[in-house]
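**Q** Just dropping this structure here.
In this note's numbering, the protein residues as written are 242 to 612.
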């Protein structure tokens, strides 16, 4: 007799029973989320988790944690608070340092009037994150304390779901994109993976996730850069940024890409998802040039959330993950990128990166071999 756990849900959703297959399905779910198709995104995340839980595919603990956290985010958007709280708790069992899962659990617990537990969660998030990235958590802490100070029966603050736009979640080739050289491995003083810039309110992933944390500022971060608040203005701003990058003005190029993204993500300038994706991917290229690996990883994740077929973004995310020591993620991404690439010089560059990743994984394995 089949139990609920063994009966395949959503048989119309086909996912390859491999880590790559699960990663691809996660990107699909993230993309559906970004489009506002929450019920459909929930089905895809649920199918991924069913396959993992049924033992059809073994995945890394951090990936399982991300899948649970992302499904929780969908449940938050659907205001299914109890289920969201449970999903976040399960996510934290697989990765206790998943700041997004803990933040989302605090959100859900606030809505469930479990204010003491919510406060404990958000205070952990505030301790874990750098001071420059705690604004959202501090605002949530304020709302929780307001709720705790509100006598029963009195009005309570408006639902804190406002402002949650996406989940950390990523592609297409674009001739306008600047090309980045692939620098060799560097030793950088990066914090633990995922904790230099944790998008609290939105996605990426895994990573993804998702206006982003950098674009949530209401005030113009670059008032000296003039970009018309229109689709045409953003396109012209992108061309200007690409020209600056090609001329070697990487920092200034980064600022122009950031101004364009700020207009899209705070001023609601409407552009096609492909253009939005390219802007994140191009900014990642500038960040790679500046060896800002964690920033580049996040931008690539956002790019892929908007367009999962952006092969350049996936290649750049693999390179960034490699530099951050996230070798399993880097290998998954480069394999996906190679599947989408046609034989060319770019393919060779990707093959070279894959060899570097596999060589580093072998070296790491030998260094931990007790024999």
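Beta carbons are placed, not taken as given, at the ideal position from N, Cα and C, and that holds for glycine. Values in this document were obtained by computation on a predicted structure and should not be read as measured data.
#1: Taking DSSP as the reference, what is the three-state secondary structure of residue 274?
#2: Ignore the nearest five residues each way along the sequence and tell me which others in residue 259's own chain have a CB closer than 8 Å to its CB.
#3: With the cut-off set at 7 Å, would you say residue 351 and residue 342 are in Cβ contact?
#4: Determine the contact status of residue 305 and residue 285, defining contact as a CB-CB distance below 7 Å.
#5: Contact between the segment 318-327 and the segment 286-295: three or more CB pairs below 8 Å?
#6: Alpha carbons only, please: which of 268, 287, 375, 386 is nearest the one belonging to residue 252?
#7: Give me the Cβ distance between residue 524 and residue 498, rounded to the nearest whole Å; I'm assuming they're in contact under 8 Å.
#8: For a test of the three-state rule: what should DSSP assign to residue 468, helix, strand or coil?
#9: According to DSSP, is residue 251 helix, strand or coil?
#10: Compute the Euclidean distance between the alpha carbons of residue 473 and residue 545, then round it to the nearest angstrom.
#11: What are the boundary residues of the alpha helix (DSSP H) that residue 329 is part of?
#12: Who are the Cβ neighbours of residue 496 in its own chain at under 7 Å, not counting the five residues just before and after it?
#13: Check this for me: beta carbons of residue 522 and residue 488, under 7 Å apart or not?
#14: Taking its Cβ as the centre, do 16 or more other Cβ atoms sit within 10 Å of residue 195, making it buried, or is it exposed?
#15: Measure the C-alpha to C-alpha separation of residue 531 and residue 561 and round it to an integer number of angstroms.
#16: Out of curiosity, what's the CA-to-CA distance linking residue 261 and residue 502?
#17: For residue 510, does the three-state DSSP call read helix, strand or coil?
#18: Taking the alpha helix (DSSP H) that residue 302 belongs to, which residues open and close that run?
#19: Compare the beta carbon distance of residue 367 and residue 378 with 7 Å and say whether it is the shorter of the two.
**A** Quick answer:
#1: helix
#2: 298
#3: no
#4: no
#5: no
#6: 287
#7: 4 Å
#8: coil
#9: coil
#10: 23 Å
#11: 322-335
#12: 463, 466
#13: no
#14: Given a span of 242 to 612 for the chain in the structure shown, any question on residue 195 remains unanswerable.
#15: 12 Å
#16: 30 Å
#17: Coil at residue 510, not helix or strand.
#18: 302-318
#19: yes
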